[in-house]
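Visitor:
2 protein chains.
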Amino acid sequence: MLICGDRRRVDRREAILEAAEALFLEHGYDRVSLGAIVKRSGGSLATLYELFENKQGLLRAVVGSAVEERDDAIEAMIADGHRPSEVLRAIARNLTASLSAPRMIGLMRIVMIEGLRDPEFARRFYSEYSHVWTLHLAALLQQWNDAGLAVIDDSEGAADLYFSLLLHDVQMRGLFRTSDDEPSDGRDPSWRIEPFITHYRVQ
Amino acid sequence: MLICGDRRRVDRREAILEAAEALFLEHGYDRVSLGAIVKRSGGSLATLYELFENKQGLLRAVVGSAVEERDDAIEAMIADGHRPSEVLRAIARNLTASLSAPRMIGLMRIVMIEGLRDPEFARRFYSEYSHVWTLHLAALLQQWNDAGLAVIDDSEGAADLYFSLLLHDVQMRGLFRTSDDEPSDGRDPSWRIEPFITHYRVQ
DNA sequence: CGGGTAATGTAACATACATTACAAGTCAAC
DNA sequence: GTTGACTTGTAATGTATGTTACATTACCCG
């Protein structure tokens, strides 16, 4: 027994996670009832409780499964042998979309609110989802500095400034605008990091 | 009659607003009951409804009264005859505290959530509270450019980058960390805008 | 002091919701 | 096909909460 019995279980789990994520992102955690989630996912309330313990557990699972899918696009780009300034522009182009996508923005919203109840939860999310990029980039900047390809004393501070330039506007606008009118001018977002390249003399 | 009768009314109104703001900032809008607000403010549920119509009206009033108190520190600093780069550093020092204070961060949180229900509300808040700074600074940058004190073609874009550098880290950290441990290193935040000064050749 | 307006306390009301219980149904494996 | 674990549908439970109603009290003004 139960050779393929996991199958149903996994399907139910994914269906519920998908429905819960969609509704949480659209209306916020507190304004979505478990009944509404089950109505959307199919299945029954009982299985939801079987799989996720309670509503808070479901939220954790939703956020956790989204974090897992974090793509490591930055790794790939580092390998390229391009000039550092071009690498920075490429990272800008590749990361802006995913870090300002409605899914990311919506996750941020619900995590921030849940953080009022459980600070550690929000802190971990921020660390895993955002600060991790800073650390990756800081390492890269340090290499460039040591190789004479840039002049950067505080590499972590510099990486922070890079992401500030890149993401502040797009993320704040996303957080305060739920719907998707005003389609964020199609300009290449890499113009935003030019002050960074100039100041740190990135070759 | 009612010459000084407004007095009680105004007192009640302010007491309720104060209690509601404190509780909303601490726990979030959805997780605070009107009963809890009244218990804290003193008074009665009936007066709350008399003054604010309903819970949503109370939220609007809380946010509205906070926005009114926006200080115009930036105006004062422009008058000074200092070098532009010093003016930028002074603005950085003066605005960082107020735009990253717990009150501001908490307001942002509740407005962002309410924005899921009423997008126009969130949009207006963002525009009045944040975008207005960008426009003010853009005008200043334009003047400097015209006077040969800086090289800035897109003054609004530049102003946006300035505030991105200055606020992204401190606001994001605030949004994801409800309590106030890790007291935000006492460093002068003006170091964050040095790339701006370098890139735009601000004198 | 007396009169009326407004504030208070309390309770009622309807609803929504998280959570649990359980009987009936479904599916996979032998 | 039959078994048995898992899933489903539905209802029950208890509680919290937005909102309204109302009788009572406190306050301000003439």
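Protein chains in written order, with our numbering: chain B, -8 to 194; chain W, -8 to 194.
Each residue gets a CB set at the ideal place from its N, CA and C atoms; glycine is no exception.
Just so we're clear, the structure is a prediction, and the values are computed from it rather than from any experiment.
#1: Could you pull out every residue in the same chain whose Cβ sits closer than 8 Å to the Cβ of residue 73 of chain B, ignoring the five residues on either side in sequence?
#2: What's the C-alpha gap between residue 156 of chain W and residue 184 of chain W?
#3: Are residue 3 of chain W and residue 34 of chain W closer than 8 Å when you measure CB to CB?
#4: Any Cβ of chain B within less than 8 Å of the Cβ of residue 28 of chain W?
#5: Where do the N-terminal and C-terminal ends of the alpha helix (DSSP H) with residue 33 of chain W fall, by residue?
#6: Exposed or buried, which one is residue 7 of chain W when buried takes at least 16 other CB atoms within 10 Å?
#7: Give the secondary structure of residue 45 of chain W by DSSP, where H, G and I count as helix, E and B as strand, and everything else as coil.
#8: Determine the closest residue to residue 116 of chain B out of B:95, B:132 and B:130, with distance taken between C-alpha atoms.
#9: Alpha carbon to alpha carbon, what distance is there between residue 1 of chain B and residue -6 of chain B?
#10: Can you give me the start and stop residues for the alpha helix (DSSP H) that residue 165 of chain B sits inside?
#11: Within 10 angstroms of its Cβ, does residue 105 of chain B collect 16 or more other Cβ (buried), or is it exposed?
#12: Assign residue 150 of chain B to one of two classes, buried (16 or more other C-beta atoms within 10 Å of its C-beta) or exposed (fewer than that).
#13: In the DSSP assignment, find the alpha helix (DSSP H) that holds residue 184 of chain B and state where it starts and stops.
#14: Using a Cβ cut-off of 7 Å, pull out every chain W residue sitting near residue 103 of chain B, in sequence order please.
#15: So, helix, strand or coil for residue 56 of chain W, using DSSP?
#16: Check whether the segment 159 to 167 of chain B and the segment 113 to 128 of chain W are in contact - that is, three or more C-beta pairs closer than 8 Å.
#17: Can you pull the chain W residues whose beta carbon is under 8 Å from the beta carbon of residue 189 of chain B, in chain order?
#18: Could you tell me if residue 45 of chain B is buried or exposed, where buried requires 16 or more neighbouring beta carbons within 10 angstroms of its beta carbon?
#19: Determine whether the Cβ of residue 129 of chain W lies closer than 8 Å to any Cβ atom of chain B.
Guide: Walking through what the data contain:
#1: 81
#2: In a straight line, the C-alpha of residue 156 of chain W is about 6 Å away from that of residue 184 of chain W.
#3: yes
#4: no
#5: Run containing residue 33 of chain W: none; DSSP gives neither H nor E here.
#6: Buried: at least 16 other Cβ atoms inside 10 Å.
#7: Here residue 45 of chain W carries a coil assignment [DSSP, helix/strand/coil].
#8: B:95
#9: Because residue -6 of chain B sits at a pLDDT of 46, beneath the cut-off of 50, its placement in the model cannot be relied upon, and the following sentence gives the value as read from the coordinates. Cα-Cα distance, rounded: 13 Å.
#10: In the DSSP annotation of this structure, the continuous segment of the alpha helix (DSSP H) that includes residue 165 of chain B starts and ends at 146 to 167.
#11: buried
#12: Of the residues assessed, residue 150 of chain B falls on the buried side of the cut-off, its CB having 16 or more other CB atoms within 10 angstroms.
#13: For residue 184 of chain B, there is no enclosing alpha helix (DSSP H), as DSSP gives it neither H nor E.
#14: 100, 166 and 167
#15: helix
#16: yes
#17: 186, 189 and 190
#18: exposed
#19: no
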